[in-house]
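K.L.:
Mapping the sequence shown onto the UniProt record's numbering, position 49 (from 1) lands on 49, and the numbers just tick up by one.
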Amino acid sequence: MDKSEGKTMKAVLYQGNPYQMVVKDIPRPIIRAPTDAIIRVTTAAICGSDLHNYHGLFSTNNTPYTMGHEAVGLVHEIGSKVTKYKVGDRVVIPDFFAEHGVEIVYGEGDGVGTNAGGCQAEYVLAPRADDILFPIPSGTKHELDYLLCADIFASAWTSITSTGFQPGDIVAVCDAGPVGLLAAYSALLRGALRAYSIDHVEARLHRAKSIGAIPIDLRKGDPSSQILKLEPNSVKRTSDCVGFECINPQGKKEEAYILNDAVKVTSAGGGICLTGVYWRGPRDHAEPSQGPNWHTFSTISLLGGSETLPSRVVLCSQLLRSRL
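(1) Can you confirm whether the stretch 62-70 touches the stretch 43-50 when touching is taken to mean that 3 or more C-beta pairs between the two stretches lie within less than 8 Å?
(2) Cα-Cα, which of Q166, W157 and D131 is closest to A184?
(3) Leaving out the 5 sequence neighbours to the left and right, which residues in its chain are closer than 6 Å to G73 when beta-carbon positions are compared?
(4) To the nearest angstrom, how far is it from the Cα of D145 to the Cα of F134?
(5) Based on the DSSP output, what are the partners of F134 in its beta bridges?
(6) Assuming C241 contacts Y257 under a Cβ cut-off of 8 Å, what Cβ separation, rounded to an integer in Å, is found between them?
(7) Which two residues bound the contiguous alpha helix (DSSP H) that contains S224?
(8) I think A187 touches I214, with their Cβ atoms under 8 Å apart; what is that distance to the nearest whole Å?
(9) Can you give, in chain order, each stretch of the alpha helix (DSSP H) that sits fully within the stretch 133-215 and has at least 4 residues?
(10) Give the straight-line distance between the Cα atoms of V124 and L259, rounded to the nearest whole angstrom.
(11) According to DSSP, is L57 part of a helix, a strand, or is it coil?
(12) Go ahead and label P232 buried or exposed: buried means 16 or more other beta carbons lie within 10 angstroms of its beta carbon, across all protein chains shown.
(13) Taking the alpha helix (DSSP H) that Y14 falls in, what are its first and last residues?
(14) Can you list, in chain order, the residues of its chain with a C-beta nearer than 7 Å to that of H261? Leave out the 5 residues immediately preceding and following it.
(15) My output table needs one value for K24: the three-state DSSP class, helix, strand or coil.
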């Protein structure tokens with residue numbers, strides 16, 4: 001018998017009621033396959049996307065479920081085919097893993113990929129442990145640093161990559177919350193000429209300035225207008241780390257405001273990445289969705305444009321050589 005079978009643990013649960021989270025005793029996860037591992041969580045975090053659940057705007061029908069998808073912990077138990085890890089190893093638990101049609105998703109309820117429960121609990125299941133876990137040094141000295149790698153730093157770094165970023169580019173980041181600050185920081189670490197950080201919270205703007213970004217106060221008007229006064233040729237890359245729960249300069253909710261403003265401030269041939277969550281339809285009231293909605297997480301590339309000089313050169317050259 002699995003040594004966790006029949007035992008319980010404390011976990012943070014979303015039960016389908018907006019603005020209500022509860023801590024309850026629930027069954028501990030158990031080894032379900034020989035490639036599984038059980039992790040004893042030592043530190044877990046609250047992601048900005050968890051707030052969409054809290055607000056009742058993101059969920060599945062399968063409530064209650066355990067929240068959380070950012071954690072580090074110790075390997076507590078392993079299946080017979082786990083070879084890379086042993087009991088006692090300290091690891092980062094990733095927020096999302098997808099390969100060869102298999103999705104492993106934490107903290108969004110059954111029915112969302114191969115759900116593995118949530119990480120805001122004392123224990124969590126790690127399916128395909130050899131593939132998804134990431135080893136970190138023993139001890140807790142840098143635990144909070146490694147915790148960032150479970151989701152938000154990795155998401156921020158990828159956000160900059162997905163814009164098509166190159167060293168020397170000028171970047172705008174919409175949001176100076178945890179992900180937005182790390183996106184601006186990622187751009188600067190990678191050689192951005194300048195990075196603009198947009199927000200409406202004074203403390204966040206001060207933090208943005210402290211990491212070397214140029215703060216843009218949303219309360220003073222459209223960020224695109226403010227930035228274009230400083231950058232007449234626009235910015236090359238823009239990262240939207242806000243998503244659908246955004247506000248306009250008047251402090252009113254306006255779902256597509258930041259996305260539209262990002263288009264205005266990004267130069268021709270530039271790139272925009274949507275890291276914040278967007279939905280297939282409007283979300284203006286607190287009701288859980290009726291199923292998983294991975295619109296933002298689909299990593300689709302959408303490019304716009306007509307003929308370009310490089311295309312003409314290639315096509316004309318091929319025609320001259322009678323290869324078309």
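Heads up, the beta-carbon is just placed ideally off N, CA and C, and yes, glycines get one too.
P.N.:
Let's see:
(1) yes
(2) W157
(3) I39, R40, V41 and T42
(4) 14 Å
(5) V92
(6) Actually they do not touch by this definition, with Cβ atoms about 14 Å apart.
(7) P223 to L230
(8) In fact, because the Cβ distance is near 12 Å, the residues do not count as touching under 8 Å.
(9) 143-148, 152-162, 178-189 and 202-210
(10) 35 Å
(11) coil
(12) exposed
(13) Looking at the DSSP string, Y14 is not in any alpha helix (DSSP H); the run it does join, the beta strand (DSSP E), is T8 to Y14.
(14) The identity of residue 261 in the sequence shown is Asp, whereas the question assumes His. Closer than 7 Å at Cβ, skipping near neighbours: D222, P223 and S224.
(15) strand
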